[in-house]
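Report on the structure given below.
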Amino acid sequence: MATAQIEAPRSPRIDPKYNRSRKSRNNFEMMTWLFMRFSGVVLIVLIFGHLITNLLVGDGVAAINFGFVAGKWANPLWQFWDLTMLWLAMLHGTNGVRTIINDYAEKDRTRFWLKTILYIASIFTVILGTMVIFTFDPCIPGSTLAVCGA
């Protein structure tokens, strides 16, 4: 009785697009893989610090309002903290979605447009979030708050 040899799944002989034997000119994918691991660890620290500060210290969630954010962003430490959290979260998430697009979009044209939309949305969010953090002014025009010089 003869035995048949079964090809390995996704073998380069079956489909050449799964051929991973050729050397890459750069280490972009390895660097993005490392970035995901390191940024994930840093994000855990940033997010838990954010949650502890906002929800557990003081009056908890009941104290979160416009004044709380204004007081928090008056301190450059919290501006830097939130900015770092925003940038790392957006870069981390964008890289993750980029990987998913590369894995599941089969056509080059579809992959191109999905990644273009992803990058535009990410850049827009980072720029807008950065502007909000650094241009935030707690003094609303016409306000009678003592802090605003009225």
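Just so we're aligned, residue 9 is where the sequence shown starts under the working numbering, counting upward by one.
Yeah, the Cβ is synthetic: ideal placement off N, Cα and C, and Gly gets one too.
Residue burial classification, residue i (beta-carbon count within 10 angstroms, cutoff 16)
i     : result
Asp90 : buried
Distance between beta carbons of residue j and residue i, contact taken as under 8 Å
i      : j      : result
Ile109 : Arg119 : 6 Å
Residue i: CB within 7 Å of a non-hydrogen atom of the ligand NAP
i     : result
Gln13 : Judged by which ligands are present, the structure shown has none, so any question about the ligand NAP falls away.
Straight-line Cα distance separating residue j from residue i
i      : j      : result
Arg106 : Val65  : 37 Å
Asn103 : Thr11  : 45 Å
Tyr127 : Leu96  : 15 Å
Gly145 : Leu85  : One detail in the question is off: residue 145 reads as Asp in this sequence, not Gly. Roughly 17 Å separates the two Cα atoms.
Leu54  : Phe46  : 12 Å
Val134 : Leu94  : 7 Å
Ile60  : Asp111 : 36 Å
Lys80  : Gln87  : 8 Å
Val49  : Leu42  : 11 Å
Phe132 : Gln13  : 53 Å
Ile52  : Cys147 : 33 Å
His100 : Met44  : 6 Å
Ala71  : Ser130 : 30 Å
Thr138 : Lys115 : 34 Å
Ala82  : Arg117 : 46 Å
Phe56  : Gly68  : 14 Å
Ile141 : Met98  : 15 Å
Thr124 : Gly150 : 42 Å
His58  : Met38  : 30 Å
Residues of its chain near residue i, where Cβ-Cβ distance is below 7 Å and the 5 sequence neighbours each way are ignored
i      : result
Ala113 : Arg119 and Leu122
Thr40  : Asn103
Leu63  : Val69
Using 8 Å as the threshold, is the segment 33 to 40 in touch with the segment 74 to 91, meaning 3 or more CB pairs across them?
no
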